Every structure is written in C-alpha cells, then in structure tokens.
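*Asks:*
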Amino acid sequence: MHSCPYCTSFLGRSFKKLLHHIKFIHSHEPNFSITCRQCGQSFRKFNSFKSHIQREEKKNALLNFANVSEQGDEDVEDENSDEEDGEDNDSNEDTNYVDDMTRFLALFILKTKEENQLSQQTINAILDNTGDLVDSSLVEMKNKVVACLQSSGIEIADVEGLSGVLDEPSIYSQAKQRLQNEYQQMKYFVENFNFVEPQEVILNQYAEYRYLQGKQKLCLVKETFHYISILKTLQSLLNQADVLCEVMNGHSSNDGILRDYCDSEQYKMHALFGQPGNALLLHCYYDDFQVTNPLGSKTKKHKIGAFYFNLGNLSPEYRSVINSIQLIALCRVPLIKKYGMNRILQPFMQDLHQLEADRGVTFWIDEQERTFSGSIGPYSSDNLGAHSLGGFQESFSGLRICRICMATREDTNTKFTEADFQIRTRAIHDRHCRLVENDANLEATYGVKTRSVLNQSRYFHITDGLVLDVMHDQLEGVLP
1 MHSCPYCTSF
11 LGRSFKKLLH
21 HIKFIHSHEP
31 NFSITCRQCG
41 QSFRKFNSFK
51 SHIQREEKKN
61 ALLNFANVSE
71 QGDEDVEDEN
81 SDEEDGEDND
91 SNEDTNYVDD
101 MTRFLALFIL
111 KTKEENQLSQ
121 QTINAILDNT
131 GDLVDSSLVE
141 MKNKVVACLQ
151 SSGIEIADVE
161 GLSGVLDEPS
171 IYSQAKQRLQ
181 NEYQQMKYFV
191 ENFNFVEPQE
201 VILNQYAEYR
211 YLQGKQKLCL
221 VKETFHYISI
231 LKTLQSLLNQ
241 ADVLCEVMNG
251 HSSNDGILRD
261 YCDSEQYKMH
271 ALFGQPGNAL
281 LLHCYYDDFQ
291 VTNPLGSKTK
301 KHKIGAFYFN
311 LGNLSPEYRS
321 VINSIQLIAL
331 CRVPLIKKYG
341 MNRILQPFMQ
351 DLHQLEADRG
361 VTFWIDEQER
371 TFSGSIGPYS
381 SDNLGAHSLG
391 GFQESFSGLR
401 ICRICMATRE
411 DTNTKFTEAD
421 FQIRTRAIHD
431 RHCRLVENDA
441 NLEATYGVKT
451 RSVLNQSRYF
461 HITDGLVLDV
471 MHDQLEGVLP
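Residue 279 in UniProt numbering sits at position 279 of the sequence shown, and the numbers go up by one each step.
#1: Would you give the residue range spanned by the beta strand (DSSP E) that Gln215 belongs to?
#2: From the DSSP secondary-structure annotation, give me the bridge partner or partners of His52.
#3: Can the beta-carbon of residue 490 be found less than 8 Å from the beta-carbon of Asp358?
#4: Alpha carbon to alpha carbon, how far is Asp430 from His26?
#5: Going straight from the alpha carbon of Ile53 to that of Phe15, what length do you get?
#6: Please identify the residue among Cys405, Leu389 and Leu384 whose C-alpha is closest to the C-alpha of Phe396.
#7: Assuming Phe372 is part of the beta strand (DSSP E), what are its boundary residues?
#8: Sort out for me which residues DSSP pairs Ser380 with in a bridge.
#9: Can you list, in chain order, the residues of its chain with a C-beta nearer than 6 Å to that of Ala271? Leave out the 5 residues immediately preceding and following it.
#10: If you draw a straight line from the C-alpha of Phe65 to the C-alpha of Pro5, how long is it?
#11: Would you please state the rounded distance, in angstroms, between the beta carbons of Leu327 and Tyr339? I believe it to be under 8 Å.
#12: Any chance you could list the alpha helix (DSSP H) runs of at least 4 consecutive residues sitting entirely within the stretch 133-218, in chain order?
#13: Give the straight-line distance between the Cα atoms of Cys219 and Tyr211, rounded to the nearest whole angstrom.
#14: Per DSSP, what kind of secondary structure is Asn80 in: helix, strand or coil?
#15: Going by beta-carbon coordinates alone, are Ile376 and Cys284 separated by less than 8 Å?
#16: Report all residues from its chain with a CB closer than 7 Å to the CB of Leu118; omit the five preceding and five following residues, and keep chain order.
#17: Among Lys222, Asn323, Ala440 and Thr425, which residue has its Cα nearest to the Cα of Ile462?
#18: Should Thr412 be labelled buried (16 or more other beta-carbon atoms within 10 Å of its own) or exposed?
#19: For Tyr206 and Lys217, which I take to be in contact (beta-carbon distance under 8 Å), what is that distance rounded to the nearest angstrom?
#20: Would you decide whether His21 is buried or exposed? Buried here means 16 or more other CB atoms lie within 10 Å of its CB.
#21: What's the gap between the Cα of Ser320 and the Cα of Gln121?
#22: Are Gln346 and Val221 touching if we call contact CB-CB under 8 Å?
#23: Would you kindly report the start and end of the unbroken alpha helix (DSSP H) that includes Gly465?
#24: Taking the C-alpha atoms as reference points, what is the distance between Asp469 and Ser380?
#25: Leaving out five residues before and five after Ser33 in sequence, what residues of the same chain have Cβ atoms less than 8 Å from its Cβ?
#26: Taking all protein chains shown into account, do 16 or more other C-beta atoms lie within 10 angstroms of the C-beta of Ser51, making it buried, or fewer, making it exposed?
#27: Which term fits Lys449, buried or exposed, when burial requires 16 or more other beta carbons within 10 angstroms of its beta carbon?
#28: If you reduce the DSSP assignment to three classes, tell me which class Asn293 lands in.
#29: How should Pro316 be labelled, buried or exposed, when 16 other C-beta atoms within 10 angstroms of its C-beta is the threshold for buried?
#30: What did DSSP end up calling Tyr308 once you bin it into helix, strand or coil?
#31: Buried or exposed: where does Ala61 fall if 16 or more other Cβ atoms within 10 Å of its Cβ makes it buried?
#32: On the three-pair Cβ rule with 8 Å, is the stretch 155-162 touching the stretch 176-195?
#33: Could you check whether Tyr318 and Glu246 sit closer than 8 Å to each other, using their CB atoms as the reference points?
#34: Here's a check: name, in chain order, each residue in its chain whose Cβ is nearer than 6 Å to the Cβ of Gly390, leaving out the five neighbours to either side.
#35: Quick check: what's the CA-CA separation for Gly250 versus Asp439?
#36: Looking at Gln368: is its Cβ nearer than 8 Å to the Cβ of Glu443?
This is how it looks when you write it as structure tokens:
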C-alpha cells in the first residue's frame with residue numbers, strides 16, 4: 001500500500017494513482033521536494049522526478065516516504081497496475097479527481113497571480129483562454145478516438161457508455177466552475193489554504209460631491225485601513241509542523257554567545273518569556289513605503305505605512321527569509337497622521353490583550369486544542385517610525401530628540417557616555433505623559449506628544465521595547 005507523506009487523505013495500492021495525487025495536490029506547494037528511493041536523487045520539480053522514473057527506474061522506483069506501508073515486494077506495482085485493479089479501493093474515486101483538479105487549479109491561480117503580480121482581470125482571462133485550449137485538445141482527441149474505432153469497424157454506439165464519456169465536461173471545466181470569479185477563489189483559499197483574509201476597518205465616512213464621468217455626483221467617501229488578525233495568522237502558522245516544532249523546542253543558546261533576542265538578559269528576565277512554557281514572541285516592525293514615483297509632487301498622499309511581525313520563536317536562519325514575515329496592517333500615511341497611530345493600532349491591541357491574558361488563547365492545531373500566551377518582544381523601525389509609534393515628537397530639530405534618553409542636540413555634541421544622560425524609564429515616561437495631558441505646552445519640554453497605546457500591553461513598554469535598528473542607525477547612519 002502507498003500512503004501520501006504530505007497528507008493523511010490518500011491511501012491506495014496503485015503507484016500511478018499516488019503520483020497523480022502528488023502532482024495535483026502537492027507539487028505546487030512551497031519548498032516541494034521529492035526523492036527517488038532507489039538512487040537517492042532529489043527533485044524540486046515533479047515533472048523532473050516523473051521523467052527520471054520513466055527513463056531509469058520505471059518499474060521499481062519508490063518514493064522515499066517515511067510513512068509508506070509496505071507488504072512485501074508483491075505490493076510494489078508498476079504504472080500499468082491500474083489496468084489490473086479495476087476495483088481499486090483508493091480513497092480517490094473518479095469524483096475526487098475534480099477535487100484534486102480544483103486544488104491544483106487554485107494553486108496555479110495563486111502562484112501565477114502573486115509571482116507575476118497580475119490583476120484579477122488578467123487571471124480570469126488566463127482561466128478562460130486555458131479552458132479553450134483544453135476543450136480544443138479534447139475535441140481533437142475525441143475525433144481521433146472515433147476515427148480509430150471506425151477504422152476497426154466499430155461505431156461509438158456499439159460501445160456502451162462511450163458516447164457519454166466522450167461528451168461529458170472535462171475535469172478542468174468542472175474545476176473551473178468552482179473558481180470562476182474572485183469571490184469563489186477567495187472563498188476556496190480561506191477554506192482550504194489557511195488563508196487569513198484582511199479586514200477593512202473604517203476610520204470615518206462622509207459624503208461629498210465628486211466629478212464622475214463629467215458629472216458632479218454626491219458620493220460616500222470611506223477612510224479605511226486593512227488589518228490582518230494576528231490570532232488568525234498565528235493559528236495558521238502553528239498548524240505548520242515545522243513552525244510548531246520550533247515554538248515547542250526553543251532555540252536559546254547555552255554557550256553564552258549572544259545570537260539573537262532569545263539570548264539576551266531582557267528575554268531571560270522577561271515576565272512572560274523568561275518563565276517556563278512556550279510563549280509566542282512577536283518581533284514587530286513598522287516602516288513607510290511608496291508605490292509611486294518618489295520624485296513627483298503628489299507622492300506623499302500615496303505613501304503607505306506597513307506593520308509587520310516575525311515569530312521570534314523561530315531560529316534566526318528561518319527568520320531570515322522573506323516568507324517568514326507576516327503582515328499586520330496597511331494604512332495610508334496621511335490617515336495615520338490624521339487619526340493618530342493609536343487609532344490604527346487598536347485592532348492589534350485587542351488581539352494582543354487576548355494573547356497576554358492569564359488563560360492565553362486556545363488554537364485548534366492538528367485537530368486538537370492547544371493554549372498559548374504571547375506578547376511583543378522588540379519593536380523595530382526607523383527613528384521617525386519609532387517616534388510615531390511611541391508618541392514622541394516626530395521632529396529631530398526640537399529640544400528633545402531621543403526616545404531613549406532626555407538628550408538635547410547640544411548634549412549629543414558634547415557628551416558621549418550613557419552615564420552623562422538621563423535615561424527614560426517607564427516611571428519617568430508615564431509621568432511625562434500625565435504632565436503633557438494636563439498641559440500641551442510641555443510637549444517640547446519632554447519630547448512627548450501623547451501616551452502610546454502600545455503601553456497598554458501587559459508586558460511591553462515603549463521605553464525599552466522600541467529597539468534601535470542596526471540598519472538605519474549604524475549601516476545607513478553613523479558608519480558611512
């Protein structure tokens with residue numbers, strides 16, 4: 001018997017059916033790899049593996065599967081074994097071929113759209129045109145089958161059921177019916193691929209007259225940003241076996257060498273991370289970016305603020321890849337300035353409060369419930385972004401220019417050791433916030449504009465959490 005190493009839904013006697021299952025279900029998954037058991041050669045593309053089997057080891061090739069159940073050499077079949085297995089009891093019956101094709105087509109849509117940055121309209125056109133190619137090929141194949149039968153003196157009507165088989169819709173057409181438009185595609189992604197759908201958060205809405213198609217019309221204008229639930233993202237991440245293994249085992253160093261945040265004294269003394277257990281560590285980021293020509297006169301209104309997080313429980317070598325970075329929110333920078341950073345971070349803080357609660361959050365992982373707690377570890381950004389997150393003044397030409405200490409610009413030119421400066425502590429910063437709330441004229445005196453919503457965290461505080469970023473401060477700052 002052959003079982004699939006990537007899922008538990010397939011079990012059957014036919015090696016050919018197993019290859020078919022892997023091709024249509026798993027071959028487009030990230031980091032796909034398959035190994036020939038006989039020679040040990042690995043392949044990242046399924047077609048290369050299939051050609052290898054057909055060319056070198058067609059009759060005896062087996063996959064290097066850890067969970068293949070073997071019942072002796074008599075169970076190893078070649079690709080022609082389907083003809084002898086008319087009553088094969090595989091879990092994939094003919095009706096499930098449509099499900100396999102639907103999954104394959106959904107992966108094709110995702111890969112084609114995201115890797116090539118195509119619009120939804122273009123994707124729909126590709127599906128339609130591909131359908132035409134498939135239908136044309138099937139019509140040609142049908143004509144060849146009919147001609148072959150007639151040359152042997154056999155009419156289609158003489159073979160029971162053949163006419164129905166030749167005239168029925170193709171598997172591709174049936175799968176395409178399930179993924180005809182963006183709504184159906186998104187629904188399928190959410191239900192089958194652990195896709196976490198962004199939530200539109202309305203900041204404000206108002207009516208105003210706008211010119212549309214040469215006419216002035218009253219329109220409803222919405223000011224919104226998009227938030228992706230960190231709890232749903234964590235649910236999706238923890239359902240990946242390799243991620244869960246990293247979370248459960250940890251990666252702190254025992255040789256005294258500082259390799260990442262998990263080796264720091266702050267981590268070891270942390271009220272949550274320093275305790276026994278497997279707390280989830282969120283390494284958050286914030287930065288602005290532009291999707292237009294930065295040299296134009298109206299580029300600022302198109303600037304976008306992006307919030308990300310990285311699961312700090314992963315080892316550094318796994319966090320260094322782009323696909324380990326998870327998106328939290330996207331918001332236009334003019335809206336951030338208009339409504340404030342605290343308003344944008346509210347949905348994030350609501351999820352964070354649940355994660356920081358004594359009971360934690362219960363996630364459904366591998367068909368069982370598991371409870372995890374977590375919080376923000378370090379929060380990285382450039383200096384301007386850090387001041388915006390922390391509620392500090394966003395100008396570096398004022399009196400207080402540092403979020404770490406109470407230094408003035410004159411102090412930075414004459415003093416060079418930490419002992420010469422008054423460090424901002426949680427108590428000092430909270431006192432400054434209270435004074436500024438009572439008298440806004442003190443903003444310049446203390447360099448503080450408002451109390452950051454991040455300080456509502458049970459464990460995180462901006463005075464020791466908004467870390468200095470080595471890229472901005474060193475590699476792009478003082479070193480050049």
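Ideal Cβ placement from N, Cα and C applies to all residues, glycine included.
Everything numeric in this text was worked out from a predicted model, so none of it was measured.
*Replies:* Inspection of the coordinates gives the following:
#1: According to the sequence provided, residue 215 is Lys. The question's Gln does not apply to it. It spans Lys215 to Tyr227 - the beta strand (DSSP E) in which Lys215 sits, taken as one unbroken run.
#2: His52 is not bridged to any residue.
#3: Residue 490 is absent from the structure shown; the chain starts at 1 and stops at 480.
#4: Roughly 53 Å between the two C-alpha positions.
#5: 12 Å
#6: Ranking Cys405, Leu389 and Leu384 by Cα distance to Phe396 puts Leu384 first.
#7: Per DSSP, Phe372 belongs to the beta strand (DSSP E) from Gln368 to Phe372.
#8: Tyr285
#9: Excluding residues within five positions, the ones whose Cβ falls inside 6 Å are Tyr459.
#10: Any reading at Phe65 must be qualified, since the residue scores a pLDDT of 44, below 50, and its modelled position is unreliable; the value itself is stated next. Distance between the alpha carbons of Phe65 and Pro5 is about 6 Å.
#11: Not confirmed; about 20 Å, so no contact.
#12: 162-167, 171-178 and 182-192
#13: 9 Å
#14: In this prediction, Asn80 scores a pLDDT of 44, lower than 50, which makes its location untrustworthy; the coordinate-derived value is nonetheless stated afterwards. Residue state, collapsed to three classes: helix.
#15: Cβ atoms of Ile376 and Cys284: closer than 8 Å.
#16: Thr112
#17: Thr425
#18: Per the 10 Å Cβ criterion, exposed.
#19: Approximately 15 Å separates the beta-carbon atoms of Tyr206 and Lys217; this is outside 8 Å, ruling out the contact.
#20: buried
#21: CA-CA distance, Ser320 to Gln121, rounds to 34 Å.
#22: no
#23: Segment Ile462 to Gly465, the alpha helix (DSSP H) holding Gly465.
#24: 6 Å
#25: Ser42, Phe43 and Arg44
#26: exposed
#27: buried
#28: coil
#29: In this structure Pro316 is exposed. Its beta-carbon is surrounded by fewer than 16 other beta-carbon atoms within 10 angstroms.
#30: In the structure shown, Tyr308 sits in a strand (DSSP, three-state: E or B).
#31: Note that Ala61 scores a pLDDT of 42, beneath 50, so its modelled location is shaky; the value from the coordinates is reported in the next line. For Ala61, the number of other beta carbons within 10 angstroms of its own is at least 16, and it is reported as buried.
#32: Contact between the stretch 155-162 and the stretch 176-195 is absent, because fewer than three Cβ pairs lie under 8 Å.
#33: yes
#34: Arg403, Ser452, Ile462 and Leu466
#35: Rounded to whole angstroms, the separation of the alpha carbons of Asp439 and Gly250 is 47 Å.
#36: no
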